[in-house]
Every structure is written in C-alpha cells, then in structure tokens.
Amino acid sequence: MLGLSYWVVPIFSAVVWTAMLITMLVYWAATGKPRYVTMSEGQHIPYISDIGADYLKAMFIAMSAVTVVTFDLAFIFERWLRHTNKLAPNTSHWQKIYSMCATVAAIVGAAGLILLTIFDCKNHNRLHNIFLGVFIIGYIISAIFICWEYQRLGIHYREHSILRISFWIKLFFIITEVCLAVAFAVCSKQHVYNVAAVLEWCVSFIYCFYVFSFFIDFLPATRSKHHQSKQTEMQVFEESSETERSHMGDGAADNQQYYRGNSQMAVPQTNGYTNGYTNGNGYTNGNTNGYVSHTANGYPKPAVDPSPLPSQNF
C-alpha cells in the first residue's frame, strides 16, 4: 500500500483523534476556561460539542472526518487481507458476514460523527443529539460484530495469540463504552452536566485507544510480507545457482561437438572411426568381379574350391 504497512492506518487515525481532543482541551484552558452559550446553568466543564461549536468548529469537522474515514479504511483493509490470505482467512461464511456487518456499522457510526460536527449543538441541538447517538451506537455495534468474528477465528486458529489478544481488547471496549454511555445518558437526563461532560471525555479517549488497538490486527500481514520477500530471495538464489551448475564441466553435456578434445568444427563421432570403412576394403561390399572381398582386418578371405563337375563317363 504505497510502500506503507497497513498498521499505520489505525495509528494515524488514533493520533489525529487524540490530537484533536488535546487541542480542544488546551484551547479551552488557555482561553481562561470560558463558559460557552451552549452550556447549561451550573455547568463548568464543557462537552466536546460545546468547544467544537465555537471557534474550533472547522477543526472539529476536519479532524473528526479524517479520523473516522481512515478508521473505516482499517475495516476494509482487514477484510481484504483475510480474503487474500495475508491474515488468517475466514473459515465460514458467517465470519465474513460478521466482518461486513462490522464494516457497515462503522461506516454508519462515521457518518453520525461527521454529521454531528456539522449540525452543532448551538444551532441544531436536536439533530446534534440524534447524530451523537448514531455515532456511539454505530461503533458499539461494529465492535460487537468484529469481536464476534475474532472469537470464531480464535477457535480455529488457536496458535495465533494475536486473535485472542485483539478479541479481549475489543470486548473490553464494548463493556466499558456501554457502561460509560449509559452513565452519560443517565447523568444528562438527571441534569448532572459536569459529571456527564467528564464521562463524555472519557468515552472519547477510550475510543482513541480502541482505534489504536487495530494496529495489532495487521501485524501478521507485515510478518507474512517479510516472509514472502525472504522466500522469494531464496528462490532467486537457488535458480541462479542451478543455472551456473548447468554450464560447468568439459562441454560434453552441453554440446556434442566436444568429445575428448575434438575441435568444435570436427564432425561428431560416437566411437571415433569404426575402421575407416565398412568392410575394410574401401567399398561397401567390394566388387564381385574385380576384387576379392576382405575381412574386417584387411586379409583376403580364403578361396573356396568349386565343387567338382559330375562325371560324364557312365
């Protein structure tokens, strides 16, 4: 992927989200901890949306969008790497369905976050709260499905401890975020706004660690890439060695024109010259009328006496 490893994507997303939260807190503290018009009576700690609806709205929209878009890319890359066997492949259609449901839910949650930053709590309070719910519920559902997928993968790939670690991290996120989200909703309903604001900041920072944890899932893909590169280097080395060995020797294996010192232009012979001739006399079978055929050693064959004619004297 453009020379970068896949694990960079969730780390980049988590860094952007964390930088945004810290910048907003520092800005609020540096400006004297002002009380924004969107804050309720008796509220001293602002919500993230209170700061984001003021001078930092442009940053709030931009960095939130970058965070969720890159984070959703991590879901897509994870699905692709399992499909291409660079990560432990899914062993059933249900696991693929869980992965796709997690991706869809993450996209819905991302849309919720982007929309809540656009429809701020100052001018669109009702829509803002709706999209806040979409954001939180979307990513919790996404975490449930991907946790479900990893639980099933861990059963079939017990030798991969990363699957087990990732499963427990995601399960911790689900339990923690659900508990904090419920507490946040209750405190907001009971008008305990300062506690609700603290809970919202906690939910946001825990979400950052959840995004960051996805880099663990891509580590096996990095190892397999290095393993394949090393294997390819060994194959190239072995092939080149075999080629060099095939061209070594006295030339007898490569070219029949070389045999026991014969020149390249010499006519190839199997056993040298047979005797120079087939029957040793310069002719194939000699000449029956003018020459006596010889043996293979050059000596004339012994003459055979003609059979006597029958007597005519009876």
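Quick note on the numbering used here: the sequence shown kicks off at 77 and runs consecutively. Note that CB positions come from ideal geometry on N, CA and C, so glycine has one too. Every value quoted in this text rests on a predicted model; they were computed, and no experiment measured them.
Separation of residue j from residue i, as counted between CA atoms
{"i": "residue 150", "j": "residue 202", "result": "31 Å"}
{"i": "residue 324", "j": "residue 160", "result": "At residue 324, the pLDDT of 47 sits below 50, so the modelled position is not reliable and the matter cannot be decided from this model."}
{"i": "residue 200", "j": "residue 209", "result": "14 Å"}
{"i": "residue 282", "j": "residue 253", "result": "8 Å"}
{"i": "residue 218", "j": "residue 251", "result": "13 Å"}
{"i": "residue 214", "j": "residue 132", "result": "25 Å"}
{"i": "residue 156", "j": "residue 145", "result": "17 Å"}
{"i": "residue 181", "j": "residue 152", "result": "12 Å"}
{"i": "residue 97", "j": "residue 178", "result": "25 Å"}
{"i": "residue 280", "j": "residue 235", "result": "33 Å"}
{"i": "residue 108", "j": "residue 127", "result": "13 Å"}
{"i": "residue 105", "j": "residue 99", "result": "10 Å"}
{"i": "residue 195", "j": "residue 187", "result": "12 Å"}
{"i": "residue 148", "j": "residue 271", "result": "30 Å"}
{"i": "residue 206", "j": "residue 189", "result": "10 Å"}
{"i": "residue 81", "j": "residue 284", "result": "20 Å"}
{"i": "residue 121", "j": "residue 184", "result": "29 Å"}
{"i": "residue 216", "j": "residue 244", "result": "15 Å"}
{"i": "residue 95", "j": "residue 110", "result": "21 Å"}
{"i": "residue 119", "j": "residue 137", "result": "24 Å"}
{"i": "residue 135", "j": "residue 91", "result": "15 Å"}
{"i": "residue 154", "j": "residue 114", "result": "40 Å"}
{"i": "residue 264", "j": "residue 158", "result": "42 Å"}
{"i": "residue 102", "j": "residue 227", "result": "40 Å"}
{"i": "residue 166", "j": "residue 293", "result": "14 Å"}
{"i": "residue 276", "j": "residue 289", "result": "20 Å"}
{"i": "residue 168", "j": "residue 139", "result": "37 Å"}
Three-state secondary structure (DSSP) of residue i
{"i": "residue 95", "result": "helix"}
{"i": "residue 265", "result": "helix"}
{"i": "residue 82", "result": "coil"}
{"i": "residue 133", "result": "helix"}
{"i": "residue 296", "result": "helix"}
{"i": "residue 160", "result": "coil"}
{"i": "residue 107", "result": "coil"}
{"i": "residue 118", "result": "coil"}
{"i": "residue 167", "result": "coil"}
{"i": "residue 181", "result": "helix"}
{"i": "residue 236", "result": "coil"}
{"i": "residue 325", "result": "Note that residue 325 scores a pLDDT of 47, beneath 50, so its modelled location is shaky; the value from the coordinates is reported in the next line. Of the three classes helix, strand and coil, the one that applies to residue 325 here is coil, per DSSP."}
{"i": "residue 196", "result": "coil"}
{"i": "residue 174", "result": "helix"}
{"i": "residue 113", "result": "coil"}
{"i": "residue 286", "result": "helix"}
{"i": "residue 49", "result": "Residue 49 lies beyond the range of the chain shown here (77 to 390); nothing can be said about it."}
{"i": "residue 123", "result": "coil"}
Beta-carbon gap between residue i and residue j smaller than 8 Å
{"i": "residue 192", "j": "residue 221", "result": "no"}
{"i": "residue 295", "j": "residue 241", "result": "no"}
{"i": "residue 258", "j": "residue 89", "result": "no"}
{"i": "residue 232", "j": "residue 125", "result": "no"}
{"i": "residue 83", "j": "residue 143", "result": "no"}
{"i": "residue 171", "j": "residue 225", "result": "yes"}
Beta-carbon separation (whole angstroms), residue i vs residue j, contact threshold 8 Å
{"i": "residue 123", "j": "residue 273", "result": "5 Å"}
{"i": "residue 86", "j": "residue 291", "result": "5 Å"}
{"i": "residue 164", "j": "residue 229", "result": "6 Å"}
{"i": "residue 197", "j": "residue 141", "result": "About 18 Å separates the two Cβ atoms, so there is no contact after all."}
{"i": "residue 269", "j": "residue 175", "result": "39 Å between Cβ atoms; not a contact."}
{"i": "residue 223", "j": "residue 246", "result": "4 Å"}
Residue-level contact to chain C via CB, residue i, 8 Å cutoff
{"i": "residue 206", "result": "Absent here is chain C; the protein component of the structure consists of one chain."}
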